[in-house]
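Note that the protein sequences, when read in sequence, are chains A and B.
Position 452 (the first sequence) corresponds to 536 in the numbering used here; numbering is contiguous.
Position 79 (the second sequence) corresponds to 163 in the numbering used here; numbering is contiguous.
Cβ atoms here follow ideal geometry from the backbone N, Cα and C, with glycine treated the same way.
2 protein chains.
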Amino acid sequence: MEIPIEIDHGSVASLQAQIFEHFRHRILCGGLKAGTPVPASRALAGQLGVSRNTVLLAYDRLIAEGYLQARVAIGTFVSLELPETCLAAARPAVAPATARGEPSSQRAIPFAGRAQAVVSAHRVALDFWLGRPDAHSFPIKSWRRLTNRALATAGARLTEYRDPAGLPELRQAIADHLSAARGVSVSSDQVIITAGSQSALNLVARLLVREGTPVATENPCYQGAAFLFESHRARMVPVPVDEAGLDVEQLPRQGVMLVYVTPSHQYPLGFTLSLERRLKLIDWARRCGAYIIEDDYDSDFRYRGSPLTALMGLDHYGCVMYLGTFSKSIGAGLRLGYLVVPKALAKAARSAKALLDNGHPWLDQAVMAEFIRSGAYGNHLRRIRQLYCERRDCLVEALHRHFGDVCLSGLESGMHLAWHLPEQFPSAPELQALALRKGVGVYSLSSGAAHDYGGCGYSDRTVVLGFSSLDEHRIRAGIQGIADALADLPAMSRRSSGARAAALVVSSRRPASGSHRPSRSGRPPRP
Amino acid sequence: MEIPIEIDHGSVASLQAQIFEHFRHRILCGGLKAGTPVPASRALAGQLGVSRNTVLLAYDRLIAEGYLQARVAIGTFVSLELPETCLAAARPAVAPATARGEPSSQRAIPFAGRAQAVVSAHRVALDFWLGRPDAHSFPIKSWRRLTNRALATAGARLTEYRDPAGLPELRQAIADHLSAARGVSVSSDQVIITAGSQSALNLVARLLVREGTPVATENPCYQGAAFLFESHRARMVPVPVDEAGLDVEQLPRQGVMLVYVTPSHQYPLGFTLSLERRLKLIDWARRCGAYIIEDDYDSDFRYRGSPLTALMGLDHYGCVMYLGTFSKSIGAGLRLGYLVVPKALAKAARSAKALLDNGHPWLDQAVMAEFIRSGAYGNHLRRIRQLYCERRDCLVEALHRHFGDVCLSGLESGMHLAWHLPEQFPSAPELQALALRKGVGVYSLSSGAAHDYGGCGYSDRTVVLGFSSLDEHRIRAGIQGIADALADLPAMSRRSSGARAAALVVSSRRPASGSHRPSRSGRPPRP
């Protein structure tokens, strides 16, 4: 008996797999009935021009899976025992449209989360997208050296499960770093290594959030946090921010389980939470039994004075959880960050982390631990802090040159600033669209990975600009592009020229280095 | 004015940080009142024997944070504006026991999950712990070469965020591998890279489980799955297993959202889900609109015939999600695995993954993609499959030699087997304790990362033994140790010698290679 099989010698599937698949398919859709003999292996091999062994291996598999039955000295047959119910279940393979019942694929699933934006939606050369480290500053030489050293001494560390909370050496290195850099005194047991701060946030959500749990956030808020808590079906309680950060007075007096804040550099507006409010916030958490999540995403870049002591460094009640990340200071491709929890939650956090993913890859942790311990991380931070400071100055200067007395916030630290547009300018989304036509990416809050719960007065009139990943030439070209885009506007052209003329007056004036207070006329609008 | 400050020159904290911390602490607890002048920087520097610049930097920071105020030409003072409320909030730092209200750290948190066991609780040399790859077989040379190559061409890949679903090259390599090895035909869009299979499981839970969602599992079941779904507050529906795997007939006819199964090698008992049941299970899922999670944790090690086609390869309704991991085939320290979802869920899975952690580290993915693509992974699998097969044979032989006609299951594939103890033996937990005294780790089901929901007939009389990480010498020594432990038992000694005598008869008989059916007298007990 010859049966029609087409073998594709150019296919990625092996010949054996093709033969197996052919028989399986024909048997399941009834093309080969139970009890039918299949061709002798030698004959089929000849027919197909393949080795007999290939056919035998395919037959072996078909027998092993119950599609065929071999009878000694008689031959091989389509299995009699392949039950009718199986065939019924399998038949719609051929005609899925006629399947009874509703396929699972069309069923609703409970998950209805939205993904936050972490990369720009645009592909433009002059892209002021936020939170991007300078690619050329990645410490590739140290990284390669440390990676090779770690691999040389890996032993069983690559094959065995480890503590889900992370590599002890790295947890200690982070605890030491936090103590020196952020005034946070914690033991390494409180540090949990995570895949960046998003993963740390999710760990917090797993610990504290159930359906309906009230979670307070800044408004506007970092999208990754807002969408995450929403996806856990938290009840969101947006709280306004002003120039001194989260308006603590407007937090509900009770009933909130946790509040998410970015005290060093409010995301997206860049405001610093004042010391007064920091202390009030901790007092509020103590009184109502809430937890504070302190997301310190880019505090490594403080351009004026020392960084403010982190909330966790001011907390004596065990109510602050601290989120740190190496995505901004080294690179997001590492996916390495950490969560620091109060002592009382260390055990629960470790269990939650085990359930989430059994811990972070060993090699990356080993390399990072040595990178910090050796002092290379400190040197790296100093180098890029200087670089980003220069880029910030360049951006501020370019904005002044083209647009005069611009109103900016978030200058004191971080990798981006917020530009509060003057009244005569188009709206933030319009400016974004205009700039895009000139190949420049600037972002309204909602396009820039921020979330406005409504009622935030900044969304229409504020754009955000990241400056860390663009060299000075590109920064200047980008701002020039925005000026050109505005000059093209019929209604704007006169004003824009006016702004340019005015800019001549201020262009020699360097911006007050690092002041987050905008200059006189450039105060951020009260929302 | 001299103030009492003790500077510790041997401390890891910088001198500047120590000075800052001293003042901050004294101001916050009221030791230095508002308006008090602080010592001139030169005087304090002299007093402490540090450079004046160190003191100035500490003062700058105290001023920046609002603790001190500088008045031109007058001096520096403790800030007047430090509000009373702040002091009240901060004061309990000194006396936390007297703090008003209940500290957050004593509040209940919603999370009440338990961590699964992934490493042995014992530290013994002869440890038959489960699922451990052979440490010496890690492909370290290839890994180092591919890692260096990837780092050399990394460009911005280490600094930028990437697709949260994973590196396209790796997703494609996995899709190709699944097609060839497991009969699963999927596009790379359906593959999500995760931190091992635990992370993949959690992704499934985020997609499908809410509080109260009914989730069916095998009983006994892999602990990591049982505890994870429990931690998401699913309603667990345990379903018995027998020698043909999950007893599909005992699944509820409706109302179950998903069922978790280990069809290739039931965890922990090692049974293979029969083809008949595979097809019935898919038909069941289609009828009641449920999803099936197929955890294929150690299917790479099939010692007899080809692997059975995965459930996902039999599914034409988009109701199967497939979990794979490199933790068993290469090493758990990599934390690398994947989830394959039906096409209809690919977008939601990508969003959920973004919210969970924004994706996996780039470098590990790049190395693994090239490891698979280059064929090195295939070679590695062949090499260790042969090694583990020899170790399995060695273990079976040693058991036969010492205990005669032992009843084993799970021999056909995987990295561990289950030994169903004869009646005259102590119970599984007792045997575990006895063996431990001889420095041998064997595990009852519940100690071996399995969970019994109750009513599982295997828990008392079955131990599990992993054989992949022990060389043959250790395997033999371990089984010898168990025999010695049993011989020490007064009640057992005669029986044990008898078993040893009987073993002489069978010791030359190699076990039927790979048969998962135990020999005549050694049938696994029906639970």
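- Identification of chain A residues near PRO217/B by a Cβ-Cβ cut-off of 7 Å yields THR243, ordered along the chain.
- In this structure the stretch 547–556 of chain A touches the stretch 471–489 of chain A; the number of beta carbon pairs closer than 8 Å is three or more.
- For ASP144/B, the three-state secondary structure derived from DSSP is helix.
- Taking the Cβ atoms as the reference, LEU429/B lies roughly 14 Å from LEU407/B, outside the contact range of under 8 Å.
- The beta carbon of ARG126/A lies closer than 6 Å to those of ARG136 in the same chain, with the five residues before and after it left out.
- Around LEU230/A, no beta-carbon contact reaches into chain B at under 7 Å, the shortest distance being about 11 Å.
- For the pair ILE566/A and VAL425/A, the CB atoms are not nearer than the 9 Å cut-off.
- As the crow flies, the alpha-carbon of ALA300/A is around 18 Å from that of THR356/A.
- Taking 9 Å as the cut-off between beta carbons, the residues of the stretch 442–459 of chain B near chain A are ASN442, GLY443, HIS444, PRO445, TRP446, LEU447 and ASP448, in sequence order.
- In this structure, SER413/A sits away from ARG419/A, with a CB-CB distance that is not shorter than 9 Å.
- When the five nearest sequence neighbours on each side are left out, the beta carbons in the same chain lying within less than 7 Å of the beta carbon of LEU287/B are those of ILE276, THR278, LEU423, ALA433, ALA436, LYS437 and LEU440, in order along the chain.
- Counting C-beta pairs closer than 8 Å gives fewer than three between the stretch 209–220 of chain B and the stretch 210–219 of chain A, which falls short of the contact rule.
- Proximity of PRO194/B to chain A, defined by a Cβ-Cβ separation below 9 Å, is satisfied.
- When only Cα atoms are considered, LEU398/B and LEU529/A end up about 47 Å apart.
- Between LEU570/A and HIS206/A, the gap from beta carbon to beta carbon reaches 9 Å or more.
- If you draw a 10 Å sphere on the C-beta of ASN463/A, you find fewer than 16 other C-beta atoms in it, and that means exposed.
- Using a Cβ-Cβ cut-off of 9 Å, ALA482/A does not count as an interface residue toward chain B, since no Cβ of chain B sits closer than that to its own.
- Counting every other CB atom within 10 Å of its CB across the protein chains shown gives GLU295/A a total below 16, marking it as exposed.
- The beta carbon of VAL332/B sits closer than 7 Å to the beta carbons of ARG361, LYS364, LEU365 and TRP368 from its chain, once the five residues preceding and following it are set aside; these are given in chain order.
- TYR306/A is bridged by DSSP to ALA534/A.
- Comparing alpha-carbon positions, the option among PHE195/B, ALA154/B and ILE87/B lying closest to PHE313/B turns out to be PHE195/B.
- Against GLU378/A, chain B offers no close residue; the least beta-carbon distance is about 13 Å (beta-carbon pairs closer than 8 Å).
- Note that the C-beta distance between ASP379/B and TYR344/B is below 9 Å.
- Within 10 angstroms of the beta-carbon of GLY133/B lie fewer than 16 other beta-carbons, which makes it exposed.
- At a cut-off of 9 Å between beta carbons, VAL268/B makes no contact with chain A.
- For LEU164/A, the secondary structure class from DSSP, reduced to helix, strand or coil, is coil.
- Secondary structure remark: continuous beta strand (DSSP E) runs of at least 3 residues inside the stretch 360–431 of chain B, in chain order: 375–379, 404–409 and 421–424.
- Cβ neighbours of GLY339/A within its own chain (closer than 6 Å, five residues either side excluded): PRO298.
- Bridge partners of SER493/A according to DSSP: ALA502/A.
- Residue-level contact by beta carbon fails for THR120/A and chain B, as no gap is shorter than 9 Å.
- Partner residues in the beta bridge of GLN153/A, as assigned by DSSP, are PHE161/A.
- DSSP places ALA196/A in the coil class of the three-state scheme, outside both helix and strand.
- Secondary structure of LEU330/B (DSSP, three-state): strand.
- With distances taken between CA atoms, MET405/A lies nearest to ILE376/A out of ARG198/A, ASP218/A and ILE376/A.
- The three-state reading of DSSP puts TYR344/B in strand, counting E and B together.
- Against chain B, a Cβ distance below 8 Å from GLY150/A picks out SER358, LEU359 and GLU360.
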